[in-house]
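Chemist:
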Amino acid sequence: MPTVTITVNGKAVTREVEARTLLVQFLREHLSLTGTHVGCDTSQCGACVVHVDGQAIKSCTTLAVQADGSAVTTIEGLADGQTLHPMQEAFREHHGLQCGFCTPGMIMTAVDFAKNNKNPTEAEIRQALEGNICRCTGYHNIVKAVAAGTAAMNG
Amino acid sequence: MTAHTGIGAAVRRKEDFRFITGAGRYTDDINRPGQAHAYFLRSPHAFARIKKLDTAAAAKMPGVVAVLTGADVQADKVGGLICGWVLKGKSGEPHKAPPHPVIALDHVRHVGDQVAVVIADTLAQARDAAEAIVVEYEPLTPVIDLRRALEADAPQVHPEAPGNLCYDWEIGTPKSEVDATFAAAAHRVSLDLVNNRLVPNPMEPRAAVGEYDRGTDELVCYSTSQNPHVLRLILCAFILGIPEHKLRVIAPDVGGGFGSKIFCYAEETVCVWAARKLGRPVKWTSDRSEAFMTDAHGRDHITKAELAMDANGKFLAMRVDTIANMGAYLSTFATAVPTYLYGLLLAGQYTTPQVHCNVRAVFTNTTAVDAYRGAGRPEATYVVERLVEAAARHLKVDPAELRKRNFVPPDAFPYQTPVVVAYDSGNYANTLDEALKLADYAGFPARKAEAAARGKKRGIGFSAYIEACGLAPSAVVGSIGAGVGQWESAQIRFNATGSVFVNTGSHSHGQGHETTFAQIVSDRLGVPIDQVEVVHGDTNRVPMGMGTYGSRSLAVGGSAIMKACDKIIEKGKKIAAHLMEASVDDLEYEHGIYKVAGTDKSVPMAQVAFTAYVPFNYPPGLEPGLEESAFYDPSNFTYPSGVHIAEVEIDPDTGITTIANWTAVDDFGNVVNPMIVEGQVHGGIAQGVGQALLEGAVYDKDSGQLLTGSFMDYCMPRADDLPSFNVGMTHTPCPHNPLGVKGCGEAGAIASPAALMNAITDAIGTEIQMPATPEKVWRAIQANSSAQAA
Amino acid sequence: MYQFEFHRPKSLAEAAALLEANEDAKALSGGQTLLPTLKQRLASPSDVVDLSAVPELKGISVSGDTVTIGAFTRHVDVAKSAEVAKAIPALSQLAAHIGDPAVRNRGTIGGSVANNDPAADYPSAVLALNATIHTNKRTIAADDFFKGLFETALDAGELIVKFTFPVPKRAGYAKFPNPASRYAMVGVFVAETASGVRVAVTGAGPGVFRAKEIEAALAGSFSAASLDGVKVPSAGMNSDMHGSAEYRAHLVTVMAKRAVAAAG
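Residue numbers (the working numbering), protein chains in the order written: chain G, 111 to 265; chain D, 148 to 937; chain E, 149 to 412.
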């Protein structure tokens, strides 16, 4: 079996995995980082979004072996201890979540977006969330949260 | 302090920290030592006889623990899945209830039906082995279409249900009287309506883990359930035949339900059964493709709806004939949805004196259909509000004006409808006026003209909905077939140091109960909100409860909490009186402080609680401790109402509908947390917009294959499909529950499809069926322009 | 997913050797199509050859009238490239709207074109811009490359190394996304090139194709108005629950007009 070394949330981990192991399985099953979720099997829903080398990707559509040598950040690695990341804080403040299942992927997508878009319009935010499906919120408060979180990150 | 966190405050949610940091604990996050994984082999056919099923090769595959079939289920005397609502048809006979095996026996009846289950050390091994199971099918001709199912020569889904008819049911004014009114009426409008089949698609797929403790003979079932006690009851008493005290059902964080997680399904049944049989924890997690095939779907009606009016547009009678799809098997509450949850709402917000509704429910070779957000009430609102808008067009009367002419007036409550229910309270014209203002209805003609100048067709549409939720007096629902009561439980347990557990029988899967319920308790008992812990979703930690569905948690579960608070306050009064050496009768109580009237003596609740557990200076004869339970059985449904106004713009070149504005003004009575309530409205609107514009489960009508089997083909609303919403509220308190609240969870999904379809019809001048896909809209515009040219 | 051997070659030669050594091997580029296929057990390669460490496949450059894009260039890199935006803005626009942001952060132009999904965006640009496909063995003209549904001129084991796009006078792309999957239901790329007007349509048919009717109309005058009344035959177009062939054919003209307008 291949061996992978991936820096996950700042810590290097080395594991033997079957080549067919998806990155999301590696995170959830091998590392017990269950904050990253699986909501579909066609790469549509975005519940599994994590950052690989700083960029948002769908961890259900990436093999763990592809991430060998990379740095992965998951939702668990976003806050600084009890101090929330500004995007997390914005989701709480603006009620940008209900059941919470899509939320980790939503936040990880939003953080990457905010890094690249300092002052987005509502339409740009909605487009940026095209790959993240939420069934609870109607997106209204997620859009507000992303706007506020983006402003806070770039403020 | 309580001023900011009590009833009415937009308190930020207590539960959010774990969700935004990835520390939520959903069923698939739970792994038990020694756990094996279940993978279901499912039918590729819509209807077939199983000629041969050979699991021998699969059983020898690496990692396989067992391969179990319907025969194994039967051999272990595991019962079939049940429908818990006995519906009596016109003739008084109960609905047809064909067997619903946990794993198929001789026939499969829809694509995705369980054929066998492989249990292996890893999921990949289970899936590998499933490919080694040999099944020979004799494919049979399936029946998919609703009307076709009722034809004399249609294939028969079940021998127990001749003609594929599950029941033929009616309600309301006698048909002959309604017919006579129609015959004499000055105006009549009629619509043929399709209420499209939807797939609920909560983002968390269903999952279950079964675990057995040989030493204590206890079973645990972790499940993505909206109502763990009901699941326990069904699993124990009806399917597995185990005593209720030996099964603990835990529904941890649940990632949305929308009705689809109310029901008892085959998969959790298998996990529990197999865990005991095999002596190992057994885990199953649905993938999205399985969810499409096996989660109970929603809606799926075809209806002929008619409205009779007098010369002034006063509604005289409504006649509704509906065929409702049950799918291949009856899901847990399937029979109630297109009947009591539908027909009882057909009076809408109007004084229509006569309503007759007939429903025929049919079996087809499709996935089971059951409650989905709104459950029957969106279908009813769709019928009523499409008809009213058609009537306004027919009469050339402003649709807002026509509604006002027919609204139940505010002084008429309680208002007895011709379809059994009596509305508790409402002020419909007031809500409509608020909505008209918020939507700038007066400015619509100018906006339409501006859009036309850009080559776009702009339309506006209303939906004035009524909902009956917060199910409801147990005796009433029992008399119409419900298998369980409809009360709710609460238990308030003080700790000696003043913090509180609130154990509720309702279940939160996104609704924010941990915050809303804590607000109530904090407000009533004066306990800081961070000292209140709301516990739900574990049959061993909370008293028997009914769970969450039908917008019932606050109206029924919250009322139970209020009752338990009252009991705490009563008992505390005796302790406080003793501490202050005063008479109980002289005590006043407010927000956690006991005072002796007319003095400056007071004792806070925290001191009372401490004294209750350290009872050194204590009223003689009084039990120590401060813990109370309450059960609340409502005296009526609650009847939230509201008006949604959709404004759309259509691109005639492509047929794409864009929502330009959305206005919702809802009357939920009193509101505990407006932020959470607005969030519920937003989400409901999105699901209703999804139904009207995007979503629809499509089966191939010949083969019965599910063509919309993934998010690649089933169109889920995404952020860029929707606008931000203008949400307003009016407040007519519910007169019969202690909080004065009405349910809010389903309203958006109930109101929005009719509003959107009315707006599209307004824009293009033609009736089309949901979902209003770009091609349908484009074709309607084409047909219109060629008709005008001709 | 079935089991497979995973390889991450460090050079083009090594990658080619791995693919040639085993006819059941599959090249893995961004993986945004291959991995969903594997997850659904629709393919069972013996070996998966990850191209991410092959240096020859990377990079964007513009020299003179030619834009060169390496096969392992992600959509996000094309979308964000100032050089591409300056030379062929329609190409960066197209790249900026493929899939969603997370897909664009991994999906590559080489993977998209080699897979030739009938609903992919890039094939329309490659065909309309008359690009040249450079493989590890030869060069192939765009007109000779696409062979219909998931079929290309690539031989087994042959790898796309880079694309060269001649800079057009002007070009534009407009797509009507499938409302569910967001793939192109109809995407039209129009280009006024040195060799005339070229119009390529994706999503509407079993593979990308040139719309001769549109090209003829635009050859006279490269304006949206010249497409008024131009009809594209619906015969052979895809027909499914999202759109009939007739509707798709209609949308080809609508999207062509919008693409022309976008081309300026």
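Each residue gets a CB set at the ideal place from its N, CA and C atoms; glycine is no exception.
Roughly how many whole angstroms lie between the Cα atoms of E/His155 and G/Val182?
Modeler: Residue mapping note: residue 155 of chain E aligns to position 7 of the third sequence, counting from 1. Residue mapping note: residue 182 of chain G aligns to position 72 of the first sequence, counting from 1. Cα to Cα, the separation comes out at about 21 angstroms.
Chemist: For G/Ala177, go through chain E and note every residue whose CB falls closer than 8 angstroms to its CB, in chain order.
Modeler: The sequence position of residue 177 of chain G within the first sequence is 67, counting from 1. What G/Ala177 touches in chain E: nothing, since even the nearest Cβ is about 10 angstroms away.
Chemist: For D/Val949 versus D/Leu387, is the C-beta spacing smaller than 8 angstroms?
Modeler: No answer is possible for residue 949 of chain D: it lies beyond the span of chain D, which begins at 148 and ends at 937.
Chemist: Would you report the Cα separation of D/Ala354 and D/Pro347, rounded to the nearest angstrom?
Modeler: Your numbering for residue 354 of chain D matches position 207 in the second sequence. Your numbering for residue 347 of chain D matches position 200 in the second sequence. Rounded to whole angstroms, D/Ala354 to D/Pro347 spans 15 angstroms at the Cα level.
Chemist: I'd like to know whether the C-beta of G/Phe223 is nearer than 8 angstroms to at least one C-beta of chain E.
Modeler: Position 113 of the first sequence, counted from the start, is the residue given in the question as residue 223 of chain G. It does; some Cβ of chain E falls within 8 angstroms.
Chemist: D/Ala811 lies in the beta strand (DSSP E); which residues open and close that run?
Modeler: Here residue 811 of chain D is taken as the residue at index 664 of the second sequence, counted from 1. Per DSSP, D/Ala811 is one residue of the beta strand (DSSP E) stretching across 803 to 814.
Chemist: For the stretch 188 to 227 of chain D, which segments carrying the alpha helix (DSSP H) assignment without a break, of at least 4 residues, lie completely within its bounds, in sequence order?
Modeler: Taking 4 residues as the minimum length, the alpha helix (DSSP H) runs contained wholly in the stretch 188 to 227 of chain D are 203 to 206, 217 to 222, in order along the chain.
Chemist: Measure the CB-CB distance between D/Gly617 and D/Pro864 and report whether it falls below 8 angstroms.
Modeler: Within the second sequence, numbered from 1, the residue matching residue 617 of chain D stands at position 470. Within the second sequence, numbered from 1, the residue matching residue 864 of chain D stands at position 717. Their beta carbons are not under 8 angstroms apart, which means D/Gly617 does not touch D/Pro864 by this criterion.
Chemist: Under a three-way DSSP split, which group does D/Asn316 fall into?
Modeler: Locating residue 316 of chain D in the second sequence gives position 169, where the first residue counts as 1. According to the sequence provided, residue 316 of chain D is Trp. The question's Asn does not apply to it. Here D/Trp316 sits in strand by DSSP.
Chemist: Count the other C-beta atoms from every protein chain shown that fall within 10 angstroms of the C-beta of G/Gly215, then say buried if there are 16 or more, exposed otherwise.
Modeler: Residue 215 of chain G sits at position 105 when you count from the first residue of the first sequence. When all chains shown are included, G/Gly215 counts as buried.
Chemist: Establish whether the CB of G/Asp190 and some CB of chain E are separated by less than 8 angstroms.
Modeler: For the purposes of this step, residue 190 of chain G is taken as the residue at position 80 of the first sequence. Closer than 8 angstroms: no.
Chemist: For the beta strand (DSSP E) holding D/Ser370, just list the boundary residues, first then last.
Modeler: In the second sequence, the residue the question calls residue 370 of chain D occupies position 223. Run containing D/Ser370: 365 to 370, per the beta strand (DSSP E) assignment.
Chemist: So, is the C-beta of G/Gln165 closer than 8 angstroms to a C-beta in chain E?
Modeler: Taking the first residue of the first sequence as 1, we reach residue 165 of chain G at position 55. For G/Gln165, the answer is yes, since a Cβ of chain E falls inside 8 angstroms of its Cβ.
Chemist: Using beta carbons (cut-off 8 angstroms, strictly below), is D/Val429 in contact with chain G?
Modeler: As a position in the second sequence, residue 429 of chain D is number 282, starting the count at 1. Answer no: the Cβ-Cβ gap between D/Val429 and chain G never drops below 8 angstroms.
Chemist: Comparing C-alpha positions only, which one of D/Arg552, D/Ala643, D/Gly802, D/Ser749 sits nearest to D/Gly602?
Modeler: Here residue 602 of chain D refers to the residue found at position 455 of the second sequence. Of D/Arg552, D/Ala643, D/Gly802, D/Ser749, the residue nearest in Cα terms is D/Gly802.
Chemist: Going by beta-carbon coordinates alone, are E/Tyr331 and E/Ala407 separated by less than 8 angstroms?
Modeler: If you number the third sequence from 1, residue 331 of chain E lands on position 183. If you number the third sequence from 1, residue 407 of chain E lands on position 259. Result no, Cβ atoms of E/Tyr331 and E/Ala407 do not sit closer than 8 angstroms.
Chemist: Compute the Euclidean distance between the alpha carbons of E/Gly391 and E/Ile362, then round it to the nearest angstrom.
Modeler: Counting from one through the third sequence, the residue named residue 391 of chain E turns up at place 243. Counting from one through the third sequence, the residue named residue 362 of chain E turns up at place 214. Going from the Cα of E/Gly391 to the Cα of E/Ile362 covers about 21 angstroms.
Chemist: For chain E, find out if any of its Cβ atoms is closer than 8 angstroms to the Cβ of D/Met859; answer yes or no.
Modeler: Taking the first residue of the second sequence as 1, we reach residue 859 of chain D at position 712. Cβ-Cβ to chain E under 8 angstroms: yes for D/Met859.
Chemist: Just tell me which of E/Pro381, E/Ala411, E/Thr312, E/Lys295 has its CA closest to the CA of E/Thr287.
Modeler: In the third sequence, residue 287 of chain E corresponds to position 139, counting from 1. Comparing Cα positions, the closest option is E/Thr312.
Chemist: Pull up the distance between the alpha-carbon of D/His654 and that of E/Ala276, whole angstroms please.
Modeler: Counting from 1 along the second sequence, the entry for residue 654 of chain D is found at position 507. Counting from 1 along the third sequence, the entry for residue 276 of chain E is found at position 128. Those two C-alpha atoms are separated by around 56 angstroms.
Chemist: Do you know how far the Cα of D/Arg552 is from the Cα of D/Asn574?
Modeler: Within the second sequence, residue 574 of chain D is the residue found at index 427, counting from 1. Within the second sequence, residue 552 of chain D is the residue found at index 405, counting from 1. Cα-Cα distance, rounded: 14 angstroms.
Chemist: For the structure I just gave you, are there three or more beta carbon pairs, one from the stretch 870 to 886 of chain D and one from the stretch 766 to 778 of chain D, closer than 8 angstroms?
Modeler: no
Chemist: Could you spell out the range, first to last residue, of the beta strand (DSSP E) harbouring D/Arg507?
Modeler: Translated into the one-based positions of the second sequence, residue 507 of chain D becomes position 360. Taken as a continuous stretch (DSSP letters only), the beta strand (DSSP E) holding D/Arg507 covers 501 to 510.
Chemist: Spatial neighbours of D/Gly277 within its chain, please: CB distance less than 6 angstroms, with the 5 preceding and 5 following residues excluded, ordered by chain position.
Modeler: Your numbering for residue 277 of chain D matches position 130 in the second sequence. The amino acid at residue 277 of chain D is misidentified as Gly; the sequence shows Ala. Tyr186, Leu188, Val265, listed in sequence order.
Chemist: If I measure Cβ to Cβ from D/Tyr529 and keep anything under 7 angstroms in the same chain, skipping five residues before and after, which residues do I get?
Modeler: In the second sequence, the residue the question calls residue 529 of chain D occupies position 382. Once the five neighbours on either side are set aside, the close Cβ partners of D/Tyr529 are Leu340, Asn342, Pro900, Ala901.
Chemist: Just to confirm my understanding: we take D/Gln373, look at its own chain, exclude 5 residues before and 5 after, and list those with CB closer than 8 angstroms. What are they?
Modeler: Here residue 373 of chain D is taken as the residue at index 226 of the second sequence, counted from 1. Ala398, Val401, Gly404, Gly406, Lys408, Ile409, His654, His656, Gly694, Thr695, Tyr696.
Chemist: Can you confirm whether E/Ala352, when its beta carbon is compared against all beta carbons of chain D, has any partner nearer than 8 angstroms?
Modeler: Within the third sequence, numbered from 1, the residue matching residue 352 of chain E stands at position 204. No, E/Ala352 does not count as interfacial toward chain D.
Chemist: Which residues does DSSP pair with D/Pro286 in a beta bridge?
Modeler: Position 139 of the second sequence, counted from the start, is the residue given in the question as residue 286 of chain D. D/Pro286 is bridged to D/Ala195.
Chemist: Assign D/Val158 to one of two classes, buried (16 or more other C-beta atoms within 10 Å of its C-beta) or exposed (fewer than that).
Modeler: The residue you call residue 158 of chain D lines up with position 11 of the second sequence. Flag for D/Val158 reads buried.
Chemist: Do you know offhand how far D/Thr149's Cα is from D/Phe757's?
Modeler: Reading the second sequence from its first residue, position 2 is the one you call residue 149 of chain D. Reading the second sequence from its first residue, position 610 is the one you call residue 757 of chain D. Residue placement at D/Thr149 cannot be trusted, given a pLDDT of 40 that sits under 50; what the coordinates show is reported in the next sentence. For D/Thr149 and D/Phe757, the distance between alpha carbons rounds to 20 angstroms.
Chemist: Consult DSSP for E/Val197 and reduce its assignment to one of helix, strand or coil.
Modeler: Position 49 of the third sequence holds residue 197 of chain E. Correct three-state label for E/Val197: strand.
Chemist: Looking at chain E, is there any beta carbon in it that lies within less than 8 angstroms of the beta carbon of D/Glu922?
Modeler: For this step, residue 922 of chain D is matched to residue 775 along the second sequence. By this cut-off, D/Glu922 is an interface position.
Chemist: Along the beta strand (DSSP E) that carries G/Arg160, what are the first and last residues, could you check?
Modeler: Within the first sequence, residue 160 of chain G is the residue found at index 50, counting from 1. One point to set straight first is that residue 160 of chain G is Val, not Arg, in the sequence displayed. 159 to 162 is the extent of the beta strand (DSSP E) around G/Val160.
Chemist: Taking only beta-carbon positions, decide if D/Met148 is within less than 8 angstroms of chain G.
Modeler: Position 1 of the second sequence holds residue 148 of chain D. Confidence at D/Met148 is low in this model, with a pLDDT of 40, below 50, so its placement is unreliable and the value that follows should be read with caution. For D/Met148, the answer is no, since every Cβ of chain G falls outside 8 angstroms of its Cβ.
Chemist: Can you pull the chain G residues whose beta carbon is under 7 angstroms from the beta carbon of D/Leu869, in chain order?
Modeler: The residue given as residue 869 of chain D occupies position 722 in the second sequence. Under the 7 angstroms cutoff, chain G gives Gly248, Tyr249.
Chemist: DSSP three-state label for D/Cys383, please.
Modeler: Locating residue 383 of chain D in the second sequence gives position 236, counting from the first residue. Residue state, collapsed to three classes: helix.
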